[in-house]
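Asks: Numbering (the working numbering), first residue to last: 47 to 245.
One structure coming up, written as structure tokens, with questions to follow.
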């Protein structure tokens with residue numbers, strides 16, 4: 047699920063506790079977790095509803111000024127059934143803490159290397175992890191489409207790869223583009239120190 051910034055802020059301060067979506071079938075389930083910019087959201091319930099059963103209180107709890115504003119928003123979504131998703135912030139995103147951990151032990155660095163090697167080995171376009179990390183280091187805050195073009199890659203596939211690096215705490219998404227986290231910079235520096243000299 048994607049959320050607008052004002053909705054995320056409302057979820058963070060507790061003024062928003064539900065979201066409404068039109069789906070052919072539910073895309074989240076009760077007991078699930080969603081990682082967002084304001085932390086991990088717990089999905090407490092997913093209930094199918096008739097639009098006529100949505101109350102003014104539902105609209106307020108979803109961050110809308112009125113029932114009609116919520117109904118207008120639902121009308122603009124794709125066809126499907128209407129679901130009310132009950133949400134709450136369950137804690138911080140563990141990737142945020144991970145991104146700041148730049149004092150890697152030898153064992154931690156070896157584990158990051160193993161995971162990067164697995165990503166490279168599973169790729170249909172060859173080794174890519176270090177090339178993407180170096181590109182983001184050298185070109186922070188550059189649009190994903192421009193970064194992808196620099197590598198001769200398709201934008202959506204490139205963004206999927208960057209998300210994999212984000213899962214390891216190595217990159218951060220910005221309003222435009224990306225940057226390396228403190229952990230990502232440390233990993234690149236440590237790997238460069240261990241690389242054999244050229245020639």
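For glycine and all other residues, C-beta sits at the position ideal for the given N, C-alpha and C.
For clarity, every value in this text was computed on a predicted model and none was experimentally measured.
Starting from residue 225 and walking both ways along the beta strand (DSSP E), at which residues does that stretch end?
Replies: 224-226
Asks: When the Cα atoms are used, what is the spatial distance from residue 86 to residue 133?
Replies: 10 Å
Asks: Between residue 158 and residue 92, is the Cβ-Cβ spacing less than 7 Å?
Replies: no
Asks: Quick check on the burial criterion: 16 or more other C-beta atoms within 10 angstroms. Buried or exposed for residue 193?
Replies: buried
Asks: Return the Cβ separation of residue 73 and residue 47 in integer angstroms, given the expectation that the two are a contact with Cβ distance under 8 Å.
Replies: With a Cβ gap of about 7 Å, residue 73 and residue 47 count as contacting.
Asks: Report the CB separation of residue 120 from residue 128 in whole angstroms; it is logged as a contact under 8 Å.
Replies: Cβ-Cβ separation between residue 120 and residue 128: approximately 6 Å, consistent with a contact (criterion under 8 Å).
Asks: Could you tell me the distance, in whole angstroms, from the CA atom of residue 18 to the CA atom of residue 61?
Replies: Nothing about residue 18 can be reported from this structure: the residues present for the chain run from 47 to 245 only.
Asks: Compute the Euclidean distance between the alpha carbons of residue 155 and residue 143, then round it to the nearest angstrom.
Replies: 17 Å
Asks: Apart from the five residues just before and just after residue 246, which ones in its own chain have a Cβ nearer than 6 Å to its Cβ?
Replies: Outside the shown range of the chain (47 to 245) lies residue 246, about which nothing can therefore be said.
Asks: Pick from 171, 166, 148: whose alpha carbon is nearest that of residue 229?
Replies: 148
Asks: Along the chain, where does the alpha helix (DSSP H) that runs through residue 118 open and close?
Replies: 113-122
Asks: What is the DSSP secondary structure of residue 175, counted as helix, strand or coil?
Replies: helix
Asks: Curious, which full-length alpha helix (DSSP H) runs of at least 4 residues does the stretch 148-216 contain?
Replies: 152-168, 175-184, 190-196, 201-213
Asks: Taking the straight line between their C-alpha atoms, what separation do you get for residue 185 and residue 178?
Replies: 10 Å
Asks: Assuming residue 64 and residue 108 form a contact by the criterion Cβ under 8 Å, report the distance between their Cβ atoms to the nearest whole angstrom.
Replies: 5 Å
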